[in-house]
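**Q** I have a structure I would like to understand better, so I am pasting it below and will then ask my questions one at a time.
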Amino acid sequence: MNNTTKTILGVIVVVVLVWAGYAMYQKPKSENKTNQTSQTKQTSQSGPYKIGVLLPLTGDAASYGEPGQKVYQMAVDEINSSGGANGQNLQLVVEDSKCTGKDSANAMQKLVNVDKVQVVIGGFCSSESLAAVPIAETSKVAMLSAASSSPDLTGKSTYFARNYPSDSSQGAVLAEVAYNKESITKVAFIQEQTDYPLGIYKAFNQKFTALGGTVTKQEFPSSTTDFRTVITKAKAENPDALFVDTQAPAGAQRILKQLAEAKWKTRLIINDTTAGDPKTIQDNKALLEKALTAEFGVDSSNAKFQLLLKNYKQKFGADLPFQSYGQTEYDAPFIVRDAIVAVGYDGTKIANWLHGSVNNWQGASGNVTIGSDGDLVGGHKAEIIMGGKVMPYTK
Amino acid sequence: MEYLIHLAIFCAIYAILGISLNLIMGYTGMISIAHAGFYGIGAYATAILSYNYGMNFFLSMLIGIITSMIAALLIGMVITRLRGDYFILASLGFNFIAFSIMLNWQGLTRGALGIPGIARPKLFGLSFMLDQNRTVNLDFLILSLVILGLIYVACRFIGSSSLGRVLKSIREDETAIQVFGYNTLNYKLLIFIIGAGMAAVAGSLFASYISYIDPSTFTVNESVFIIAIIILGGLANLKGSILGAIFLVLLPEALRFIGFPNEIAGQMRLGIYGLLLVILMLYRPQGLMGEYKL
Amino acid sequence: MSIVPQLIINSLITGSVYALMAMGFNLTYDTAKFPNIAHGSSAVVGGYTVFYLANQHGLNLYASIVLGVLAAGIFGWLCDRVIYAKLRKRKATSAVLLIASLGIFTMVEAGSAVLFSSQFQTLASLIPNQKIFLWHNLAFTEIQLLTFIASIAVLLLAVCGLKFTQFGKALRAVSDDAEVAKIVGINTEKIIGSTFFIGGAIAGLAGIMVGLDTGIQPTMGLFLLLSGFGATIIGGVGNVYGSFLGAVIIGFLENFGVWTIAAEWKATIAFVVIILFLIFRPQGLLKK
């Protein structure tokens, strides 16, 4: 390669690097003009309080991230129009965590180091939260998740708290109802190989086998489309119930369709993401008749929740999807606002406040109490599907 | 500034991956779509040993290198004797199988749950942790650059040694050099093992830096990305691989700042390096700095 | 054990899809002498064309399928015309062609994700009230039956076409020795182009059938391609019966693998067998 080409290439590389660096410096709104690179805490009233947000805006969980962002923004707008926190506005800084640990860690690095936030609402997927927590700890930034449900996050760090319940409650509740109330002693699992379904399986398995039942499991990687033989095998095991444990409703739909084609009618158990999708329930109502599920449900008599539904519909022209997340997502910015008002814009103080001072906090998701382990107290409630509708389980 | 350091660390990691694959593909002419598998072995070795036993980073990296090399030995013994197209397919198969193992062997790798909380390196009492009292991550960047430098020098040495000459002859015309009495199989196997060991180093760095890994990072797409890096940079040119790594790591960031909507930015990155491969093959198969035209 | 017959049916169904992929792949591999990774993309193109026309624009299902197959074929032909032919003219090695096809494959995957979202989509809504057959307690759907019939039909067409038509003879000549064929007066470029069209069209059909049966997503191309490639290796490159046989074998391996070992290892099992064939019997089961 001759010298001219080399020079041209060198110039291109330098230009790209300079441009990237320049663009980077333009981005953060409140630039710290001193050359200090250590964490500066924004204790002075020099601008709005920045709240980091980790959400899956692209990738498999994008259908959750997109309405989530709208709900967060709606909540923050309401907070700001009613005086903000101590007279200062809140400002969301949203980063795409793509429902993977690697991208979440990337995004968290950016929020913590470039935008210098003191508190982050997120992650959504548990893998996002798990990856971001070590970064939160060492940078002393508080995290509040409105959706991560992995049991691994319980007591994970003094810097992590959540207003959404752990899946250990979902698994335990289902196991209990299935064994004690419905006399189901053998359950076959068809479980997707991602963290959320795996977590539910573990929680269910632990409780169910402790009660005396047996559980068999078949796992599948997310790219699987052909479940015929998996279903054939599960059918041959003759279980009392089949647990369809997928990451998202789309996966469950696939399996349910092939179940129908295999002409196998059996008692079904589904997890809360599937239960939270009315279309899937409606389309498969024959199969799902008397199916068991457990959701961190919504309380339609809750005034704040009703207001949330109404405002969302008015503002965005559609019904709020995934309501059990919508309610906690709506509450999260308000909880953070209260924290800032109580102890100031400081990561460690906010984290401690979240672990000790959220007691009977009234929100759209009901009565919120966060324990000293960072977990939401109380959780999933058992439900049963009748006539294409999910209703509370009573017996 | 911090974010630039963050990007630079990624450039260093991918540069190591690029250089190590270049030994296999550029110098010896073996097109391997297996590299992400060895990358993963190194990452998981460090992750598992650090998470379960609190092992020192450098020790876990060493174990990762050895494990990766053993895997490369076993796989290599089987597939390096395959001719061209078949070697490629077999290497792809290995990557797939490695990914499945990472996903399914939950007792070892925790499967889809991933391994969180991987510790940063500690050397002679000096810790590379995120610490708010000094420039965050700069220490880790320096460590990565030092390691990159060492690997670069090693590859340079291999390239200009008699081993390097044999490898290039294998690339140009394998049968010819066999006539001269060289056991080409042994040489191919050797470089395959060396490349795999270096990829494991990159894996250990990655695991320790991000502090969380799961199988989704080590897919066939990642192997294709590494191939794109060295083809862009130029096969058999080490400096080119570093350049290629810098370019392809920075490209999506640059795109993001132009203002591509978030929803498609991720896919655009994928599409662009696909396009890059096609254009390079059509108009400049020797890459930016290459000496070797595929 | 009463479950074995159902497993056999499942294997045949899986095998039929792979057979469609394999027969098309075999055609282009044998003629153009390099593994066309973008073959998987033809399946994606076919599936998404039908999705676009029928789901999003309400076009008649049958018309959409015909257009989908055509689109996939044209896509295959375009890859050759625009990219592979140019590379062939420069006497590029098969490695270069392979990497170029890898690039195309990646672009199509990214493109379909951008246009149609990376979420899984189902075409099944286009055929409500599908008949489900229950024969001696074995269950299979109309679409699955049609897929099986289609694969047999393509097999027969391919075999007859290669043996009895002028085009088939010319194709065999090109795959035997392209240089000699050129000397004899055969327009090798046109033949190769047509081969990519036909191969692409068959792959497109496979993608559409998979879409109607289970669904489509941008990443589906890879696994379909690998199954087609693997089936070709197992069956023997250059032999159409071979690719069909290889595909059925992979179908059986997968389904019986799920039954005897576990669902999560199904892809690994298929790959291990393919690698074993590469080592011990690279010429495949059936001779050319």
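Chains as they are written, first to last, in numbering that gives the first Met the number 0: chain A, 0 to 394; chain B, 0 to 293; chain C, 0 to 287.
Idealized CB from N, CA, C, for every residue including glycine.
From a predicted model like this one, the values you see are computed outputs, not experimental measurements.
Taking the CB atoms as reference points, tell me whether residue 223(B) and residue 150(B) lie closer together than 8 Å.
**A** No, the Cβ-Cβ distance between residue 223(B) and residue 150(B) is not below 8 Å.
**Q** If you draw a straight line from the C-alpha of residue 198(A) to the C-alpha of residue 190(C), how long is it?
**A** If I take the Cα positions, the gap works out to 55 Å.
**Q** Measuring straight from C-alpha to C-alpha, what distance separates residue 134(A) and residue 159(A)?
**A** Computed Cα separation, rounded: 11 Å.
**Q** Would you tell me roughly how many angstroms separate the C-alpha atoms of residue 8(B) and residue 383(A), rounded to the nearest one?
**A** Between residue 8(B) and residue 383(A), the C-alpha separation is close to 51 Å.
**Q** Would you list the residues sitting across from residue 94(A) in a DSSP beta bridge?
**A** Bridge partners of residue 94(A): 53(A).
**Q** Can you name the residues of chain C whose CB is closer than 7 Å to the CB of residue 222(A)?
**A** Those within 7 Å of residue 222(A) in chain C are 218, 222.
**Q** Do we get a CB-CB distance below 8 Å when we pair residue 197(B) with the residues of chain A?
**A** Cβ-Cβ to chain A under 8 Å: no for residue 197(B).
**Q** Hey, would you say residue 301(A) sits closer than 8 Å to residue 202(A), going by beta carbons?
**A** No.
**Q** So, at 7 Å on beta carbons, what are the nonlocal neighbours of residue 229(B) in its own chain, with the 5 sequence-adjacent residues on each side left out?
**A** Correct list, in chain order: 17, 20, 21, 24, 25, 240, 243.
**Q** In three-state DSSP terms, what is residue 366(A)?
**A** Three-state result, residue 366(A): strand.
**Q** Given that a residue counts as buried once 16 or more other Cβ atoms are within 10 Å of its Cβ, and exposed if not, what is residue 275(C)?
**A** So residue 275(C) counts as exposed.
**Q** Just to check my reading of the structure: residue 238(C) and residue 286(C) have Cβ atoms closer than 8 Å, yes? What is that Cβ distance to the nearest angstrom?
**A** About 7 Å; that satisfies the 8 Å criterion.
**Q** To the nearest angstrom, report how far apart residue 235(B) and residue 245(B) are at their CA atoms.
**A** Rounded to whole angstroms, residue 235(B) to residue 245(B) spans 17 Å at the Cα level.
**Q** Do you know offhand how far residue 43(A)'s Cα is from residue 348(A)'s?
**A** The predicted model places residue 43(A) with a pLDDT of 45, which falls under 50 and marks its position as unreliable; any figure quoted below should be read in that light. Spanning the two alpha carbons is a distance of roughly 16 Å.
**Q** So is residue 280(B) in contact with chain C if we call contact Cβ pairs under 8 Å?
**A** It does: the Cβ of residue 280(B) has a partner Cβ on chain C nearer than 8 Å.
**Q** Going by alpha carbons, who is nearest to residue 328(A) out of 60(A), 75(A), 261(A), 157(A)?
**A** Looking at the Cα atoms, 75(A) is the closest of the given residues.
**Q** Do residue 241(C) and residue 199(C) have their CB atoms nearer than 8 Å?
**A** No.
**Q** Can you tell me which residues form a DSSP beta bridge with residue 116(A)?
**A** Answer is none; residue 116(A) lacks a bridge partner.
**Q** Excluding the 5 residues preceding and the 5 following residue 30(B) in the sequence, name in chain order all residues of the same chain whose CB lies nearer than 8 Å to its CB.
**A** Closer than 8 Å at the Cβ level, and outside the excluded window around residue 30(B), lie 24, 83, 86, 87, 90, 226.
**Q** So what does DSSP say about residue 263(A), is it helix, strand or coil?
**A** In this structure, residue 263(A) counts as coil in the three-state DSSP scheme.
**Q** So residue 214(A) is in the beta strand (DSSP E); what residue range does that whole segment cover?
**A** First-last of the beta strand (DSSP E) with residue 214(A): 213-219.
**Q** Cβ closer than 7 Å: which chain A residues qualify as neighbours of residue 213(C)?
**A** Those within 7 Å of residue 213(C) in chain A are 224, 225, 253.
**Q** For residue 233(A), which of 187(A), 245(A), 254(A) has the nearest alpha-carbon?
**A** Closest by alpha carbon: 187(A).
**Q** Any chance the segment 256-265 of chain C sits against the segment 46-64 of chain B, with 3 or more Cβ pairs inside 8 Å?
**A** Cβ pair count under 8 Å is below three, so no.
**Q** Determine whether the beta carbon atoms of residue 20(C) and residue 205(C) lie at a separation below 8 Å.
**A** For residue 20(C) and residue 205(C), yes; Cβs fall inside 8 Å.
**Q** With which residues is residue 240(A) paired in a DSSP beta bridge?
**A** 186(A), 266(A), per the DSSP bridge assignment.
**Q** Specify the secondary structure class of residue 109(B) as computed by DSSP and reduced to three states.
**A** Note: residue 109(B) maps to coil in three-state DSSP.
**Q** Could you please give the first and the last residue of the uninterrupted alpha helix (DSSP H) stretch that includes residue 127(A)?
**A** Residue 127(A) -> alpha helix (DSSP H) spans 125-138.
**Q** By the DSSP assignment, the beta strand (DSSP E) with residue 144(A) in it spans what residues?
**A** Per DSSP, residue 144(A) belongs to the beta strand (DSSP E) from 141-144.
**Q** Measure from the alpha carbon of residue 55(A) to the alpha carbon of each residue in 47(A), 46(A), 66(A), 49(A), then state which is nearest.
**A** It is 66(A).
**Q** Looking at the structure shown, is residue 119(C) part of a helix, part of a strand, or coil, going by DSSP?
**A** The answer is coil: DSSP assigns residue 119(C) none of H, G, I, E or B.
**Q** Against chain A, does residue 55(C) count as a neighbour if the rule is that its beta carbon must be under 8 Å from one of theirs?
**A** False, the Cβ-Cβ gap to chain A never drops below 8 Å.
**Q** State buried or exposed for residue 262(A), treating a residue as buried only when at least 16 other CB atoms are found within 10 Å of its CB.
**A** Looking at its Cβ environment, which holds fewer than 16 other Cβ atoms inside 10 Å, residue 262(A) is exposed.
**Q** Are the C-beta atoms of residue 58(A) and some chain C residue less than 8 Å apart?
**A** Yes, its Cβ sits closer than 8 Å to a Cβ of chain C.
**Q** By the criterion of Cβ-Cβ separation under 8 Å, what are the contact partners of residue 212(B) in chain A?
**A** Those within 8 Å of residue 212(B) in chain A are 100, 101.
**Q** Please report the straight-line C-alpha distance between residue 60(A) and residue 35(C), rounded to a whole angstrom.
**A** Taking the straight line from one Cα to the other gives about 32 Å.
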